[in-house]
Each structure stands twice: as structure tokens, then as C-alpha cells.
Amino acid sequence: MRVLGIESSCDETGAAVVDETGLVHADVVASQIKLHAPYGGVVPELAARAHVKNIGHVVRATLESLEGGLASIDAIAVTQGPGLVGALLVGTSLAKAMAWSLDKPLVGVNHLEGHLLAPFLRRRPEDAPGLAFPYVALLASGGHTAIYRVDSPTEIELVGQTRDDAAGEAYDKAAKLLGLGYPGGPVIDRLAAKGDPAAHPFAVPMQRKKGLEFSFAGLKTALARKIEREGVPADERTLADVAAGFQEAVVRSLVETSIRACKELEVPRLVLTGGVAANSRLRALATSRCGEEGIALVIPPFSSCTDNAAMIAYAGVLELLEVGPDDLTIAPYSRDPQRKRGRFGPDGRLIPRKPPR
Ligand code: KG4
Ligand code: ZN
Numbered sequence: 006m007r008v009l010g011i012e013s014s015c016d017e018t019g020a021a022v023v024d025e026t027g028l029v030h031a032d033v034v035a036s037q038i039k040l041h042a043p044y045g046g047v048v049p050e051l052a053a054r055a056h057v058k059n060i061g062h063v064v065r066a067t068l069e070s071l072e073g074g075l076a077s078i079d080a081i082a083v084t085q086g087p088g089l090v091g092a093l094l095v096g097t098s099l100a101k102a103m104a105w106s107l108d109k110p111l112v113g114v115n116h117l118e119g120h121l122l123a124p125f126l127r128r129r130p131e132d133a134p135g136l137a138f139p140y141v142a143l144l145a146s147g148g149h150t151a152i153y154r155v156d157s158p159t160e161i162e163l164v165g166q167t168r169d170d171a172a173g174e175a176y177d178k179a180a181k182l183l184g185l186g187y188p189g190g191p192v193i194d195r196l197a198a199k200g201d202p203a204a205h206p207f208a209v210p211m212q213r214k215k216g217l218e219f220s221f222a223g224l225k226t227a228l229a230r231k232i233e234r235e236g237v238p239a240d241e242r243t244l245a246d247v248a249a250g251f252q253e254a255v256v257r258s259l260v261e262t263s264i265r266a267c268k269e270l271e272v273p274r275l276v277l278t279g280g281v282a283a284n285s286r287l288r289a290l291a292t293s294r295c296g297e298e299g300i301a302l303v304i305p306p307f308s309s310c311t312d313n314a315a316m317i318a319y320a321g322v323l324e325l326l327e328v329g330p331d332d333l334t335i336a337p338y339s340r341d342p343q344r345k346r347g348r349f350g351p352d353g354r355l356i357p358r359k360p361p362r
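Each residue of the sequence shown is one higher than the last, beginning at 6 in this note's numbering.
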């Protein structure tokens, strides 16, 4: 079965074709990074307009590079949320129109499930198929930072999440404070590689709590206070040291909490996914710590970690095989409807929010 996936939830317009073995037959992504860079973050209105402009070209380029072309597609999958609603409407409208005109099944995919299933994507026929269930997955991107237990493609449990900012958002805000531009992750990653993380250390968030939650707002405030006191470092060396100190705190929090989750859930397999999984220090520390703890670590290639339509197509394949075709009931949503609200207590159980009075 070949599924055409369409992704337009944030600032990447993507289309891809994937089969039930996870093999990617075609994959095109148009990034809007340059468009949003002057604003230091994604501007929803501009994102939606750029999707309208680009999506036809992206889908056409995908189908042109696909052996067998449009005729070889069995179904269409589209991200229906979470994401920016104006952006989601572009992808969902096109997917609906295509499914209707081709008389093919249409399936709505949760974007986060796409990220969590990314390790099953195979870029070449000789790539080994996926990994074994269950696994623990750290999803760290610009919009989300959470830990999941994945027992099967349809049994996914959220076990911990950030109380405030996402890890990628923390990188982006830190880069803004340091005058480094957008997106912050790749710039800080490169700069920090030249710095000494011990020269300007920051406290690792949430490590005394021993739970499975994250928090990055305090770390950002600590950096902001430091800059207020000392100014933005004028010399490249100190700038690199501060970037390295900040990055070390983010990465240690991500790695140690993920390892704690693997131990508590007794699942010795960890997947890193989302844009932040591209981070070189995160990859290095996770590799060494997982080695020490006897945890098998899987980090999909960069193109599968950041927003892409191949992961959406693959989640769509599995959904179709498991539950059958959806009857065009696509409903875009900005927040994940499955995402639990509230905080996780020290025993890992969710403490529900008090109902509004
Ligand atoms: O998954 P993604 O492409 O988009 C969503 O947010 O869904 O993630 C983008 C985020 C941005 O915040 C960016 O700064 C961060 O991932 N990022 C990185 C790196 N590359 C991208 N963060 C740290 N290190 C990197 N090398
Ligand atoms: Zn994403």
C-alpha cells in the first residue's frame, strides 16, 4: 500500500509517499525558515499564506519524483493537528480535494504520532526495518517536549511533558537573547561546540524532582538575568562558553529524564525525535549515557526528526491498516486532544487540574 502524506502544521510544507514497510518512495519539504527569521519565530498568518503558495508545487514535485506517479497512490494521509489552524487548513483542504477527486481513502493523522513513528521510516530499500516495541520516545521540538511510552502504533501513552516551554523554544529564545538569530537550535549547537560548558554553568532544570517532567522557562530567565547583569558577551570565546553552558543544562535535563523514564517503565529502548534530536551534544550525551545504562538508543536521521510528510504518510498507512479508511471526517485542531492536562506527580501519576469554578 502506498500513501501520499501531506504536512502543513507549522512552517514546513511537505508531501511524501511511503509504503507499509516504512520505505520512503518520494519526499519533498519546503521550509519557511527564511520567511520567519526576521521575526524570531513562526508568524501564523505568514505561515498559512506560504503554505497556500507552496503546497501545489511541493505535491507536484513529490509525484513527479515518484515511480508510477499519482496512479500508484492508494490513499491520502494529512496532518490534522496539533498545529497552527490556518496552516493546517491548507493541507487538509488540499488532501480532501485530492481524495475526493481521486476517490481514494483519506486519513487524518496526529502530527505527534507521526514524530513518534519516525524511526520506522526507511530511506533506502537496504535499510533494516524499524525497531521493536515497546520503546520510550523523547519528542523534543519547537512546539512540544514530552516523553511517551509506545507499545504499538495505536497504543501511545504520554508519561511526562514540559510544564512550560518546549526545548526547541528554549533554544530559540536563548538565541534571541544572545542576538544569534533564528532558529536558535542549530546556531547554539554550532557555537557551543567551540565553548566550555563548565565556564558558565547553568543549573539543570527539574533534576531534584526525580519525576518525568521538564521545565525550561527558569533556565531562560537565568540566561536573561545573566545578560542583564553582564551584557551579551562581546568576544566570541565567552559567547561560545555561555551557549555551551546553556545547552549543557537543556541536554542533561532531556537525557537524564528520558533515562529515568526507561528505568521506571522498565523499557530499555529509547528513541529521540523532533527537531531538537538533531542536536549534536544531545546525540553524543544520549549515546554515552544509554551505553552506560544498557539502553538501546535509536535516533532517526535528521530529515526524519524534523517536520516532514513521510512520517505522516507512514502513520496514515498504519492507521488505514488498523482501523480502515476514515470517511472524509477531517477536523483540524490546534492542541492535541489526547494530551492530558495537568502535572505529573513524583510517582509519575497525573495530578489533574482543578476544574474551573
Ligand atoms: O520538529 P521541528 O522541525 O518543528 C516543530 O517545532 O515541530 O523543530 C524545530 C525546533 C526549533 O525550535 C529549532 O531551534 C530546534 O528544533 N532545532 C534544534 C537543532 N535543530 C533544530 N535544537 C537544538 N539543536 C539543533 N541542532
Ligand atoms: Zn513537529
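Glycine included, each C-beta is placed from N, C-alpha and C at the ideal position.
Bear in mind that the values here come from a model prediction, so they are computed numbers and not experimental data.
Nearest residue (CA-CA) to Gly165, options Leu93, Ser308, Asn313 and Phe219
Locating residue 165 in the sequence shown gives position 160, counting from the first residue. The candidate whose alpha carbon is nearest that of Gly165 is Phe219.
Could you tell me the distance, in whole angstroms, from the CA atom of Gly369 to the CA atom of Arg65?
Outside the displayed range of the chain (6 to 362) lies residue 369, so it cannot be described from this structure.
Secondary structure at Gln85, three-state DSSP: helix, strand or coil?
Indexing the sequence shown from 1 puts residue 85 at position 80. DSSP places Gln85 in strand when its eight states are reduced to three.
Can you tell me where the alpha helix (DSSP H) with His120 in it begins and where it stops?
Walking along the sequence shown from the start, residue 120 turns up at place 115. Run containing His120: His116 to Leu122, per the alpha helix (DSSP H) assignment.
Where the alpha helix (DSSP H) through Ser308 begins and ends:
For the purposes of this step, residue 308 is taken as residue 303 along the sequence shown, with counting starting at 1. Phe307 to Cys310 is the extent of the alpha helix (DSSP H) around Ser308.
Is Gly61 near the ligand ZN, judged by its Cβ being under 7 Å from some heavy atom?
Here residue 61 is taken as the residue at index 56 of the sequence shown, counted from 1. False, no ligand heavy atom lies under 7 Å from that Cβ.
Got a sec? Which residues, its chain only, sit under 8 Å from Leu326 by beta carbon, not counting five neighbours each side?
Residue mapping note: residue 326 aligns to position 321 of the sequence shown, counting from 1. Excluding positions up to five away in sequence, the list reads Met6 and Glu25.
Which of the three DSSP states, helix, strand or coil, is assigned to His149?
Numbered from 1 along the sequence shown, position 144 holds the residue referred to as residue 149. Three-state result, His149: coil.
I want to know whether the region 124-143 touches the region 95-112 - three or more CB-CB distances under 8 Å.
no
With a cut-off of 5 Å, give the chain-ordered residues whose Cβ is closer than this to any heavy atom of the ligand ZN.
Ser146 and Asp312
Ordered list of beta strand (DSSP E) runs contained in the region 250-326, each at least 3 residues:
274-278 and 301-303
Should Gly350 be labelled buried (16 or more other beta-carbon atoms within 10 Å of its own) or exposed?
As a working mapping, residue 350 is identified with position 345 in the sequence shown. At Gly350 the pLDDT is 49, less than 50, meaning the model places this residue with poor confidence and gives no usable figure here.
First through last residue of the alpha helix (DSSP H) which encompasses Ile335:
Residue mapping note: residue 335 aligns to position 330 of the sequence shown, counting from 1. No alpha helix (DSSP H) contains Ile335, which DSSP labels as neither H nor E.
Please classify Val47: does DSSP put it in a helix, a strand, or coil?
For this step, residue 47 is matched to residue 42 along the sequence shown. DSSP places Val47 in coil when its eight states are reduced to three.
Taking only heavy atoms of the ligand KG4 into account, decide whether any of them is closer than 7 Å to the Cβ of Pro191.
Here the question's residue 191 lines up with position 186 in the sequence shown. Because some heavy atom of the ligand KG4 lies under 7 Å away, the Cβ of Pro191 counts as near it: yes.
Per the DSSP calculation, Arg154 is bridged to which residue(s)?
What you label residue 154 is simply residue 149 of the sequence shown in a count that begins at 1. Per DSSP, Val141 and Glu162.
Mapping DSSP to helix, strand and coil, what is Thr26?
Within the sequence shown, the letter at position 21 stands for residue 26. Of the three classes helix, strand and coil, the one that applies to Thr26 here is coil, per DSSP.
Along the chain, where does the alpha helix (DSSP H) containing Arg127 start, and where does it finish?
Counted from its first residue, the sequence shown places residue 127 at position 122. Where Arg127 is concerned, there is no enclosing alpha helix (DSSP H), given that its DSSP letter is neither H nor E.
Under 7 Å from any heavy atom of the ligand ADP, does the C-beta of Asn115 make it?
For the structure depicted, the ligand ADP is absent and the ligand set comprises only the ligand KG4 and the ligand ZN.
Where Leu89 and Leu144 are concerned, what is the direct C-alpha to C-alpha distance, given to the nearest angstrom?
Counting from 1 along the sequence shown, the entry for residue 89 is found at position 84. Counting from 1 along the sequence shown, the entry for residue 144 is found at position 139. Computed Cα separation, rounded: 18 Å.
Per DSSP, which residues does Ser70 bridge with? Please list them.
Position 65 of the sequence shown holds residue 70. Partner(s): none; Ser70 has no beta bridge.
Consult DSSP for Ala53 and reduce its assignment to one of helix, strand or coil.
For the purposes of this step, residue 53 is taken as residue 48 along the sequence shown, with counting starting at 1. Helix.
Under three-state DSSP, which class holds Asp8?
Counting from 1 along the sequence shown, the entry for residue 8 is found at position 3. One point to set straight first is that residue 8 is Val, not Asp, in the sequence displayed. Of the three classes helix, strand and coil, the one that applies to Val8 here is strand, per DSSP.
If you pair each beta-carbon of the region 123-130 with each one of the region 221-229, do three or more pairs fall below 8 Å?
no
Neighbourhood of Leu9 by C-beta, 6 Å cutoff - its chain only, sequence neighbours within 5 removed
Here residue 9 is taken as the residue at index 4 of the sequence shown, counted from 1. So the list reads Val22, Ile78 and Ile81, once near-sequence residues are dropped.
Here's the rule: buried if 16 or more other CB atoms are within 10 angstroms of the residue's CB, otherwise exposed. What is Lys178?
Counting from 1 along the sequence shown, the entry for residue 178 is found at position 173. It is buried - the Cβ of Lys178 has at least 16 other Cβ atoms within 10 Å.
Given 7 Å as the limit, tell me if Glu174 has its C-beta closer than that to any heavy atom belonging to the ligand KG4.
Reading the sequence shown from its first residue, position 169 is the one you call residue 174. Yes, since a heavy atom of the ligand KG4 falls inside the 7 Å radius drawn around the Cβ of Glu174.
Best match in Pro238, Arg234 and Val303 for proximity to Thr278 [C-alpha to C-alpha]
Start at 1 with the first residue of the sequence shown, and residue 278 comes out as number 273. Among Pro238, Arg234 and Val303, the Cα nearest to that of Thr278 is on Val303.
For the structure I just gave you, are there three or more beta carbon pairs, one from the region 301-317 and one from the region 24-43, closer than 8 Å?
Contact between the region 301-317 and the region 24-43 is present, because at least three Cβ pairs lie under 8 Å.
From the DSSP output, which residues share a beta bridge with Val34?
Residue 34 sits at position 29 when you count from the first residue of the sequence shown. Partner(s): Gly19.
Please report the residue range of the alpha helix (DSSP H) in which Asp194 lies.
Taking the first residue of the sequence shown as 1, we reach residue 194 at position 189. Segment Gly189 to Ala197, the alpha helix (DSSP H) holding Asp194.
In the structure shown, what three-state DSSP assignment does Leu185 receive?
Taking the sequence shown and counting its residues from 1, one reaches residue 185 at position 180. Coil, per DSSP.
I need the DSSP call for Val237, collapsed to helix, strand or coil.
Here the question's residue 237 lines up with position 232 in the sequence shown. DSSP places Val237 in coil when its eight states are reduced to three.
Just how far apart, CA to CA, sit Ala198 and Pro330?
Residue numbering aside, residue 198 sits at position 193 when the sequence shown is read from its first letter. Residue numbering aside, residue 330 sits at position 325 when the sequence shown is read from its first letter. Cα-Cα distance, rounded: 47 Å.
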